[in-house]
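Novice: Here you go, one structure.
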Amino acid sequence: MKMNYSVNQSPQFRVLTDDQIEEIYYTALDVLEEVGAFVYHEEALELFKKHSDAVVTSDDRVRIPISMVEQALHTYPRKITLRGRNGERTTRLQKDTVSFGTGSDLPFCYDRETGERRATTYEDVKLAGRIVDYLPNYDFFMSHGIVRDAPNPQTYDRHQFLAMLEQCTKPMVLTSVDGEGLEDLWRMACVLTGGPDEFRLNPMFVAYIEPISPLKNDRTAIEKLLFAAEKGIPAMYTPCPSAGATAPASMAGMLVQSLAETLLAVVLCHLKKPGMPLIMGGVTTILDMKKSTYSYGAPELSLASAANTDIAKWLGLLMFSTGGCTDAKVLDEQAGAEMMTNLFYANLSGANLVHDVGYIDSGTNASLESLVLNDEMIGMSRQFCKGIRVDEENLALDLIEKQGPGGEYVTTDHTFQHWKEWFLPTLQDRSDYETWVSNGSKSMNDRTLERTQEIIDNHRPEGIPKHQMKAIKKIVEDADHRHS
Amino acid sequence: MGVDLSKLSESVVKGQIDEARQLTEAAVEEGVSVEDIMNQGLVVGMETVGQKWKNDEMFMPEVIRSAKAMSNAMDSIRSELEKTASGMGTMVIGTVAGDLHDIGKDLAAMMFEGAGYKVVNLGIDQPNDAFVEAVKEHKPKLLGISALLTTTMPRMGEIINGLKEAGIRDEVAVIIGGAPVTDDFAKEIGADIYAPNARAGVERAEEYFKAG
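Read top to bottom, the protein sequences are chains S and W. Residue numbers are given in our numbering: position 192 of the first sequence equals residue 192, and the series is strictly consecutive. Throughout, our numbering is defined as the position within the second sequence, counted from one, plus 1000.
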């Protein structure tokens, strides 16, 4: 009998030790007590003033005692199950279970016919939805593009959700204009899930909310956060600090500040209504000092994001992280290198929702081809993350004995069984030179373009029942009416 | 009349080794001619397999299973086939002297067996004479020569010269393959067919014979 035997079910990866995480956490607590943060929202200020031991000064700055943070931290769920609009497509968010999804609200894309850079539209969001609905390695959908042809920018979020719903059955992460916008999105989702109670148990979307680094919380962000807390809508409060500009240039310093920003939301949501499904987040990266851009392809993004995930796990919170994105303007070698690096490490880190997959041009340009390319790369990374089984069947001693020196394995049943465990590429080319030439000497880019068109032409997602569609559209129309 | 030859094709495509053999034997018992068993059953099946492989719809381990089903079924009618000369013919295949690489050549052998050839596999590290002697002895339709190293590639040309010296060059088609081999090299040494991979070999050979 074997003793003291341990197994790696998957590869093991972490950036920070528990001791380092504690140090960062303690420092973030210092920031909340000594520095605090601006909160520009009356109800939130009232909650801090009247129902807690926080100190609120006349400049709307809130400083929070450690004991409140520690009390609040224990009240958050460690698991959230998301369902798509048809009740299937389940994405389970729980420790070290990784799901991948797109990012949202990219203002530009290259027109697929003219190649020209132009504003993204309702149709672009629909196409992104169709592609995400089809590709197996996407677990959730963010809009990718932003609907800029909505009748009024103040209601773009409802139109965007409608475009997303039309073509995608997977769970979603949604941006919203303000609290009223989020309420409409939630009402639209309730039509599909069967009401607020069902939504609470089977949420179909997570609300994306962000503070403003350093340590500022604007009115609309807090509005959304409090509404989410009240209704039990899963939400992430995700700081987007750029090291060297809106956060310290040191990775540890950026993580401290980002964590302090998160912990303020942890306390505030607890004061509003304990136990809401709050998710920790962070697009933690650097400001490029040559070009003054917020980098989506820097290795520091991968490093800080993985470290942030280590912190989230240690705190018992779920984590919204970043990967599959690039600063490159087109899908070129830079794009491949950056996207693969940040999605691979995000996967290894065990983050629960890895978003921004498919972003090009530092979070300003949408690319359907990038979504298709990333699906293949996520597949490669997921294959790696499966790790290695070590047991009698897999050690294969009997087989090695049977085939012997100079034998072969191609014809064995063992090969017939096990080769199917390998990653099966759809875009990578592994053919010999002659075959590659006879198939048209196509580059990865050529193949990605063709595949994208194939999916657009052939995939038709499951539709939405007419009566539900009518009810959802009514909510959108009413919003337009209110804002006209 | 009970045996449906399309079922036999299907069993080959699905790589059902026992079933393909049983269906073949049942067909023989019912008096179906070996030509029909081959041309309407087994060969049709392997053609489908070849097509699916080319289209990335089947994968090597599956193709090999189909090839096994085909050659195993053929074993039961081999003696009959030889009488009627309706088989695909014989192929001699081997790896040249100084080269101990098996797998590419063996894969090719399996593919040709699957396509209905009777394959004589000489093995690895074979001196030039062994190829020439084997052609004399087995009178194959096709001689396959494999080399995986740039250092052993020149043996291929030497073997072809050996066939010429023995006066039997015209009696056999020579097909060559291996990682460093190219179409140009094949032309340079006077080989008839070049196979860039195991999947292409059978197809290229068939094209060659069709073109006559």
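For every residue, glycine included, the Cβ atom is placed at its ideal position computed from N, Cα and C.
Take every Cβ of the segment 51 to 63 of chain S, pair it with every Cβ of the segment 91 to 107 of chain S, and state whether three or more of those distances are shorter than 8 Å.
Specialist: Flag = no, the segment 51 to 63 of chain S and the segment 91 to 107 of chain S do not touch.
Novice: Taking only runs of the alpha helix (DSSP H) that begin and end inside the segment 272 to 341 of chain S, which ones reach a length of at least 4 residues, in chain order?
Specialist: The segment 272 to 341 of chain S contains these whole alpha helix (DSSP H) runs: 299 to 315.
Novice: Using a Cβ cut-off of 9 Å, pull out every chain S residue sitting near W:N1197, in sequence order please.
Specialist: Translated into positions along the second sequence, residue 1197 of chain W becomes position 197. Near W:N1197 (Cβ distances below 9 Å), the residues of chain S are S431, D432, E434 and T435.
Novice: Within 8 Å, do at least three Cβ pairs link the segment 1038 to 1048 of chain W to the segment 1181 to 1199 of chain W?
Specialist: Taking 8 Å as the limit for Cβ pairs, the verdict is that the segment 1038 to 1048 of chain W does not touch the segment 1181 to 1199 of chain W.
Novice: For a contact defined as C-beta to C-beta under 8 Å, what are the partners of S:T545 on chain W?
Specialist: Residue 545 of chain S cannot be examined here, being either before or after the span of chain S that is shown, 1 to 484.
Novice: Name the chain W residues whose beta carbon is nearer than 9 Å to that of S:F416?
Specialist: Stepping through the first sequence from its first residue, residue 416 of chain S is reached at position 416. The contacting residues are G1015, P1061, E1062, I1064 and R1065.
Novice: Report the start-end ranges of each beta strand (DSSP E) in the segment 174 to 229 of chain S that is 3 residues or longer and not cut off at the edges.
Specialist: Counting only runs of 3 or more, we get 205 to 209.
Novice: With a threshold of 7 Å between beta carbons, is S:E408 in contact with chain W?
Specialist: Looking up residue 408 of chain S in the first sequence gives position 408. Closer than 7 Å: yes.
Novice: Taking DSSP's pairing of strands, which residues face W:I1193 in a bridge?
Specialist: Sequence index remark: in the second sequence, residue 1193 of chain W carries index 193 (1-based). DSSP output for W:I1193 lists W:I1175 as bridge partner(s).
Novice: What is the DSSP secondary structure of S:M469, counted as helix, strand or coil?
Specialist: Along the first sequence, one-based indexing puts residue 469 of chain S at 469. Looking at S:M469 - three-state DSSP - the assignment turns out to be helix.
Novice: What do you get for S:F100, buried or exposed, if any count of 16 or more other CB atoms within 10 angstroms of its CB means buried?
Specialist: Indexing the first sequence from 1 puts residue 100 of chain S at position 100. S:F100 should be labelled buried.
Novice: Which same chain residues end up closer than 8 Å to S:Y40 when comparing Cβ atoms and leaving out the 5 residues on each side of it in sequence?
Specialist: Sequence index remark: in the first sequence, residue 40 of chain S carries index 40 (1-based). So the qualifying residues of the chain are D60, K216, N217, D218, R219 and I222.
Novice: Tell me, please, whether the CB atom of S:W419 is closer than 7 Å to any CB atom in chain W?
Specialist: Mapped onto the first sequence, residue 419 of chain S falls at position 419. By this cut-off, S:W419 is an interface position.
Novice: Run down chain W in chain order and give the residues with a C-beta less than 8 Å from the C-beta of S:T90.
Specialist: Start at 1 with the first residue of the first sequence, and residue 90 of chain S comes out as number 90. What S:T90 touches in chain W: nothing, since even the nearest Cβ is about 30 Å away.
Novice: When you compare the CB positions of S:A335 and S:A346, do they come within less than 7 Å of one another, or not?
Specialist: On the first sequence, residue 335 of chain S is found 335 positions in, with the first residue counted as 1. On the first sequence, residue 346 of chain S is found 346 positions in, with the first residue counted as 1. No, these two residues do not count as a Cβ contact at 7 Å.
Novice: Got a sec: which bits of the segment 1083 to 1109 of chain W sit with their beta carbon under 7 Å from any beta carbon on chain S, in order along the chain?
Specialist: The residues in question are D1102, I1103, D1106 and L1107.
Novice: Are the beta-carbon atoms of W:V1119 and W:S1066 separated by less than 7 Å?
Specialist: The residue you call residue 1119 of chain W lines up with position 119 of the second sequence. The residue you call residue 1066 of chain W lines up with position 66 of the second sequence. No. Outside cutoff.
Novice: Terminal residues of the continuous alpha helix (DSSP H) containing S:D139?
Specialist: Here residue 139 of chain S refers to the residue found at position 139 of the first sequence. S:D139 -> no alpha helix (DSSP H), and no H or E assigned at all.
Novice: S:T364 versus chain W: which residues are under 7 Å apart at the beta carbon?
Specialist: Taking the first sequence and counting its residues from 1, one reaches residue 364 of chain S at position 364. Residues of chain W passing the Cβ test: none, with the nearest at roughly 36 Å.
Novice: By the criterion of Cβ-Cβ separation under 8 Å, what are the contact partners of W:K1068 in chain S?
Specialist: Position 68 of the second sequence, counted from the first residue, corresponds to residue 1068 of chain W. The answer, in chain order, is T411.
Novice: Using DSSP's beta-bridge definition, name the partner residues of S:N365.
Specialist: In the first sequence, residue 365 of chain S corresponds to position 365, counting from 1. Paired residues: S:F108 and S:I360.
Novice: List the endpoints of the continuous beta strand (DSSP E) containing S:F161.
Specialist: Along the first sequence, read from residue 1 onward, the residue named residue 161 of chain S stands at position 161. From DSSP, S:F161 is part of no beta strand (DSSP E) but of the alpha helix (DSSP H) over Y156 to Q167.
Novice: For W:D1036, name the three-state secondary structure that DSSP assigns.
Specialist: Residue numbering aside, residue 1036 of chain W sits at position 36 when the second sequence is read from its first letter. In this structure, W:D1036 counts as helix in the three-state DSSP scheme.
Novice: Rounded to the nearest angstrom, what separates S:H270 and S:F48 at their Cα positions?
Specialist: Along the first sequence, one-based indexing puts residue 270 of chain S at 270. Along the first sequence, one-based indexing puts residue 48 of chain S at 48. So the two alpha carbons sit approximately 11 Å from each other.
Novice: Would you list the residues sitting across from W:K1054 in a DSSP beta bridge?
Specialist: For the purposes of this step, residue 1054 of chain W is taken as residue 54 along the second sequence, with counting starting at 1. Its beta-bridge partners do not exist; DSSP assigns none.
Novice: Reducing DSSP to helix, strand and coil, say where S:M3 ends up.
Specialist: One-based indexing of the first sequence puts residue 3 of chain S at position 3. Of the three classes helix, strand and coil, the one that applies to S:M3 here is coil, per DSSP.
Novice: Where do the ends of the beta strand (DSSP E) carrying S:F487 lie?
Specialist: Any answer about residue 487 of chain S is impossible in this case: the structure gives chain S only from 1 up to 484.
Novice: Taking the C-alpha atoms as reference points, what is the distance between W:A1186 and W:L1143?
Specialist: For this step, residue 1186 of chain W is matched to residue 186 along the second sequence. For this step, residue 1143 of chain W is matched to residue 143 along the second sequence. So the alpha carbons of these two residues sit roughly 13 Å apart.
Novice: In angstroms, rounded to a whole number, what distance separates the CA positions of S:P203 and S:Y294?
Specialist: Against the first sequence, residue 203 of chain S aligns to sequence position 203. Against the first sequence, residue 294 of chain S aligns to sequence position 294. S:P203 and S:Y294: Cα-Cα distance of roughly 32 Å.
Novice: Which one of W:I1064, W:S1006 and W:G1212 has the shortest CA to CA distance from S:T412?
Specialist: For the purposes of this step, residue 412 of chain S is taken as the residue at position 412 of the first sequence. The shortest Cα separation from S:T412 among W:I1064, W:S1006 and W:G1212 belongs to W:I1064.
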